[in-house]
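**Q** Sharing a structure with you now.
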Amino acid sequence: MSIVTIIILWGITVAFKLADKDRNAVQSVTKEVKQTISDVTGTWRVDIVQNDGVVIPTYFVLRQNGDTIDGTVSIKATVDLPIRNPHWEDSDFVFCTDWNISYRLHPEKEKFSVTINYGNGLEKGQAFRVSEAEAIPPKALPIPGLNNVPSNGAAKTPPMGWNSWNHFGNRVDDAIVRHAADALVSSGLAKLGYVYINIDDCWQGGRDVQGNIVTNKKFPDMKGLADYVHGKGLKLGLYSSPGPRTCGGYEGSYGHEEQDAKTYAAWGIDYLKYDWCSAQRMYSNSQVRAVYQKMGEALANAGRPIVYSLCEYGIEDVWKWGQNVGGNLWRTGYDINDSWKRMAEIGFNQDQYSSYAGPGHWNDPDMLEVGNGGMTDTEYRTHFSLWCLLAAPLLAGNDLNAMSAETLQILGNQEAIAIDQDPLGNAAVPVIKDGDIHVLMRDLHDGSKAVGIFNLGDVTRKGTINLQDIKLEGSQKIRDLWLHLDLGKFTSQFNYEVPSHGVILLKITKSHLVKQR
Ligand code: GLA
C-alpha cells in the first residue's frame, strides 16, 4: 500500500468518526431541547424594546420533524425569510436568514432566550409561544384602479439635502435632526442647494385612539421640529410604508394613507419617502403601482406640496410609471452601503434608466455615503461625480457635524452640483466602456457636455480619448471640475491619467459657444 493510499484511508476514517460525533451531538442536543421544550413546532414571538421604547415583535415559525427544525422568520413582522443553515451549537439552536442576520435560540423552560445579530448590532429578548394567526399578515386592502395623479410641480431639479439613515439609523432623534439642520446652514451647504432635512425610519410611535399616527419619545414635537427647520430656510421630510410596518418594524401607513398625508401636511412636512417593506407581505408585485398611487392621491389632496419619494427597490420597472402615481423620485434598486463595491455596483449600472429622468421625476440610486468612512476620499469623489452625472438626488448621509474638510469639499463642489442640478435634467449615459475605464456623458442646458472618466480598476490608468469617438467635433474648451481649472482647448484628443477608483470630471464646451457668451 502506497503512503498516499494510507493517508487517504486515514482521512476517510477520521471524516467518518467526525460525522458520527456530529450526529451524536445533534441527537443529544435535540434530546435536551425535548426535555425543556417537547416540540418546538409552532409560532414564537420575541418582543424587542427599541431605544425609543417602541416594542417590535419578530416571529419564528418553526417546524420540527424528528431531529430537524426548519421554518421562517418574520423579521420585525415586516418580511418573511426562510431559515438557513439550521444547526446546534452546544445546546443553542443557531441559524441565519438572508440579509446576513444570524439567530441564536437558547431553549429554556417553554421559552427561548434569543440573540439576533444584524451584523451592526445585537438584539436580545425572550421568545414565547403565540397563536399561529399572530404571525400571519393582515389581508390586503382594496387598491384603486390605475389613474394618473397630477404632478405636484415639485423637484424640478433632483432633490438635495440630508437624510438620517445612512449614518444614524435608528439612533435618529429630535436633537440629531436639529443639529443636522444647523450644520447644513453653518457649513454653507444649504446655500448650495441642500435644503431637505429628511428623517428616515424610526420616528413613529404608533396610533392614537382616532388612528392618527403619533411620534415616539425621541420626537416629542414634530410640528415644533418642522417650525425649527423651516425657520432656517430648510424643509423637513419624513418616512413611512404602504404596509402595516416600516422596514425597521415601526408603524406604517397601511389603511391610514389619507389620514397620514393630512397629518404630515398639518405638521408642515415637505417630503415623504415611502418604503415598500411589509407591504410585500400582503400585496403582489403587480399591485405595487396601485398601492403607491393610493398615497400619491392622498398627498395630492393633503393641501401642501409634498415631494413624493418612492422606495420600492425598482420592482415592476418603477421608472416607467413612477411619475404617473405622482412620484418625484424612485429608488432603482436595493440599499447602498458605505463600501466601494456596493456603491460602484449601483452607480455603474444606472444607465439603463437614464431616459426616464427629467424635471420633476428622477431615478434614485440611493442616498450618499460621502464622509461615512468606508471609502477613500478618491472613491467618495467618484461616488459624488457619478451621482451628479446621473442627475440623482443628492441626499448627504453623513454626520454633518463631524465632517472633514475633504468631505465638505466633496459635498460642496459647486461645479459638480451644477451638473446634477442642470435644468435640462438629462441623465448621463456611458459613451466608452474600455475595460476598467468607463466614460459617462450628459448634455447640459447651455449646449455643453459633462463628462466623467472613471477608473474602476485597482491601478492608475493612462489613456487617450479621441473626441470624435464621443461625438465632439471641432475645438472644445475643457474644464476640470475637481481641479476647478480650465485645461485649455482641444481639437482631437484628450489624454488622461486616473487613479484607481478615481474620476476626472469635465465640462466640455464647444469653443464657438464660449465666444458667443
Ligand atoms: C430600507 C430602505 C432604506 C432605509 C431603511 C429604513 O432598507 O431602503 O433606505 O429607509 O429601509 O428601515
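Position 368, counted from 1, in the sequence shown is what the working numbering calls 356; the numbers after and before it change by one each time, with no gaps. For glycine and all other residues, C-beta sits at the position ideal for the given N, C-alpha and C.
Compute the Euclidean distance between the alpha carbons of R269 and Y238, then round it to the nearest angstrom.
**A** Those two C-alpha atoms are separated by around 15 Å.
**Q** Measuring CB to CB, does R233 end up less than 8 Å from K64?
**A** Closer than 8 Å, so yes.
**Q** Looking at C-alpha atoms only, which residue of D354, N325 and W328 is the closest neighbour of Q338?
**A** Comparing Cα-Cα distances from Q338 to each of D354, N325 and W328, the minimum goes to D354.
**Q** State buried or exposed for D40, treating a residue as buried only when at least 16 other CB atoms are found within 10 Å of its CB.
**A** Buried is the call here.
**Q** If you check the beta carbons only, do V137 and N312 fall under 8 Å apart?
**A** In this structure, N312 lies closer than 8 Å to V137 by Cβ.
**Q** Look at the alpha carbon of G385 and the alpha carbon of N151, and state the distance between them as a whole number of angstroms.
**A** Answer to the nearest angstrom: the Cα atoms are 5 Å apart.
**Q** So, L180 versus Q397, is the Cβ gap smaller than 8 Å?
**A** No, the Cβ-Cβ distance between L180 and Q397 is not below 8 Å.
**Q** Going by DSSP in three states, I164 sits in which element: helix, strand or coil?
**A** The answer is helix: DSSP assigns I164 an H, G or I state.
**Q** As a quick exercise: from L399, E485 and Y341, pick the residue whose alpha carbon is nearest that of V447.
**A** If we check each option's Cα against that of V447, E485 comes out closest.
**Q** By the 10 Å Cβ neighbour count, where 16 or more other Cβ atoms means buried, how is A7 classified, buried or exposed?
**A** Reliability of the predicted coordinates at A7 is poor, the pLDDT of 44 falling under 50, and the value obtained from them is presented with this limitation in mind. Looking at its Cβ environment, which holds fewer than 16 other Cβ atoms inside 10 Å, A7 is exposed.
**Q** Is any heavy atom in the ligand GLA found nearer than 7 Å to the beta carbon of G236?
**A** Yes - the ligand GLA has a heavy atom lying nearer than 7 Å to the Cβ of G236.
**Q** Taking only three categories from DSSP, how would you classify I334?
**A** Here I334 sits in helix by DSSP.
**Q** Please state whether DSSP places C376 in a helix, a strand or coil.
**A** In the structure shown, C376 sits in a helix (DSSP, three-state: H, G or I).
**Q** Name the DSSP bridge partner or partners of N151?
**A** BP columns for N151 point to N186.
**Q** Note down, in chain order, each residue of its chain lying with its Cβ closer than 6 Å to the Cβ of L93, except the 5 sequence neighbours on either side.
**A** Cβ neighbours of L93 beyond the five flanking positions: F81, F100 and V102.
**Q** Just to confirm, does Y227 get its C-beta within under 7 Å of one of the non-hydrogen atoms of the ligand GLA?
**A** For the ligand GLA, at least one heavy atom lies less than 7 Å from the Cβ of Y227.
**Q** Quick one: grab the DSSP three-state call for C299.
**A** If DSSP states are grouped into helix, strand and coil, C299 belongs with the strands.
**Q** Straight-line CA distance for L298 to E120?
**A** Cα to Cα, the separation comes out at about 33 Å.
**Q** According to DSSP, simplified to helix, strand and coil, what is T497?
**A** Three-state result, T497: strand.
**Q** Determine, using beta-carbon pairs with one atom in the stretch 202 to 221 and one in the stretch 240 to 247, whether at least three such pairs fall under 8 Å.
**A** Counting Cβ pairs under 8 Å, fewer than three are found: no touch.
**Q** Which ranges does the beta strand (DSSP E) cover as unbroken runs of at least 3 residues, wholly within the stretch 433 to 459, from first to last along the chain?
**A** Listed in chain order, the complete beta strand (DSSP E) runs (minimum 3 residues) inside the stretch 433 to 459 are 437 to 443 and 449 to 454.
**Q** Tell me the DSSP secondary structure of G157 in three-state form.
**A** Residue state, collapsed to three classes: helix.
**Q** What I want to know is whether the C-beta of W153 ends up closer than 7 Å to one or more non-hydrogen atoms of the ligand GLA.
**A** Yes, since a heavy atom of the ligand GLA falls inside the 7 Å radius drawn around the Cβ of W153.
**Q** In whole angstroms, what is the alpha-carbon distance linking S488 and L377?
**A** Taking the straight line joining both Cα atoms gives about 19 Å.
**Q** Quick check: is any heavy atom of the ligand GLA less than 7 Å from the C-beta of D326?
**A** D326: no, Cβ never under 7 Å from the ligand GLA.
**Q** Express the C-alpha separation of L382 and R292 in angstroms, rounding to a whole number.
**A** About 23 Å.
**Q** Using alpha carbons as the reference points, say which of I303, S373 and I294 lies closest to M331.
**A** Closest option to M331, Cα to Cα, is S373.
**Q** Compute the minimum distance between the beta carbon of D86 and the heavy atoms of the ligand GLA, and state whether it is under 7 Å.
**A** No, the ligand GLA has no heavy atom inside 7 Å of this Cβ.
**Q** Just how far apart, CA to CA, sit R449 and S229?
**A** In a straight line, the C-alpha of R449 is about 45 Å away from that of S229.
**Q** Work out the CA separation of D68 and R11 for me, nearest whole Å.
**A** Residue placement at R11 cannot be trusted, given a pLDDT of 44 that sits under 50; what the coordinates show is reported in the next sentence. Spanning the two alpha carbons is a distance of roughly 30 Å.
**Q** Cutting at 6 Å between CB atoms, please list the residues of its own chain near S342, excluding the five before and the five after it.
**A** Cβ within range, chain order: A415 and V417.
**Q** Using the Cβ count rule (16 or more neighbours within 10 Å means buried), how would you classify E285?
**A** Result: buried.
**Q** Can you find at least 3 beta carbon pairs, one from the stretch 156 to 168 and one from the stretch 301 to 315, that sit closer than 8 Å?
**A** At 8 Å Cβ cutoff, the stretches do not touch.
**Q** Is it a yes or a no for the stretch 252 to 268 touching the stretch 212 to 231, going by three-plus beta-carbon pairs under 8 Å?
**A** The stretch 252 to 268 is in contact with the stretch 212 to 231.
**Q** Do L469 and A404 come within 8 Å of each other at the CB atom, strictly closer than that value?
**A** Yes. Within cutoff.
**Q** Could you name the residues that DSSP lists as bridge partners for Q192?
**A** The partner list for Q192 (beta bridge, DSSP) reads T203.
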